[in-house]
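Mapping of the sequence shown onto our numbering: position 117 corresponds to residue 127, and the numbering continues sequentially without gaps.
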Amino acid sequence: QLDGKPFTVLADDGQRFYADPFVLERDGRHFLFVEEFPYAIGRGVISVAELGTDGTFGVPKMVLEEAHHLSYPQVFAHSGEIFMIPESATARELVLYRAVQFPDRWIRDTVLMTDRDFNDATLLESDGRFWLLGTERFGHGSASDTMAVYS
């Protein structure tokens with residue numbers, strides 16, 4: 011709930027940056043999923059922090075790492091399960107992950123796209139129909155040259 015109180019900033023130790031926040035409520039608890047980019051490894055991983063009773067998030071901890079960069083961790087519930095679609099355009103694939111122990115353990119569930127440079131995938135459902143939105147690079151242009159909508 012936005013109530014006008016001052017916001018807090020995640021602590022910055024100078025060893026990483028955080029980006030692309032997504033919040034999911036589960037069983038009355040709130041979880042913040044972010045891209046964490048530790049400078050030491052040079053690629054993004056997905057981390058999570060829980061909202062404390064004092065209204066602040068703790069230090070994010072890594073919950074998903076691949077050999078390639080991950081970012082934009084859209085996380086959502088569907089049919090009683092928790093899923094995540096992080097961006098993995100550098101691997102030229104888009105993968106749906108499923109939580110096997112929320113929020114800490116995730117497995118690759120389904121490869122949604124291959125051989126595509128698809129960025130910031132956002133899945134939404136409207137009237138029982140799923141839509142996948144994002145930007146797609148074609149040729150040598152920018153990753154945000156073309157808005158793509160799939161259904």
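We put the beta carbon where it would ideally sit given N, CA and C, even for glycine. Since the model is a prediction, treat every value here as computed from it, not as a measurement.
Distance from the Cα of residue 74 is smallest, within the candidate group 92, 20, 58, 158, for 58. By the Cβ neighbour-count rule, residue 89 is exposed, with fewer than 16 other Cβ atoms within 10 Å of its own. Listed in chain order, the non-local C-beta contacts of residue 102 below 8 angstroms within the same chain comprise 124, 125, 126, 127, local neighbours out to five positions each way being set aside.
Scanning the region 19-52 from its first residue to its last, the whole beta strand (DSSP E) runs of 3-plus residues come out as 26-36, 39-48. Taken atom to atom, the span from the alpha-carbon of residue 135 to that of residue 96 is near 17 angstroms. Among the bridge pairs identified by DSSP, residue 71 is matched with 58.
Cβ contact annotation for residue 69 (same chain, cutoff 7 angstroms, sequence separation greater than five): 21, 59, in chain order.
Secondary structure note for residue 112: it is in no beta strand (DSSP E), with a DSSP letter that is neither H nor E.
Of the candidates 121, 84, 148, 71, 71 places its Cα closest to the Cα of residue 114. In the displayed model, residue 124 falls within a strand according to three-state DSSP.
Nearest neighbour of residue 48 by Cα position, chosen from 37, 33, 23, turns out to be 23.
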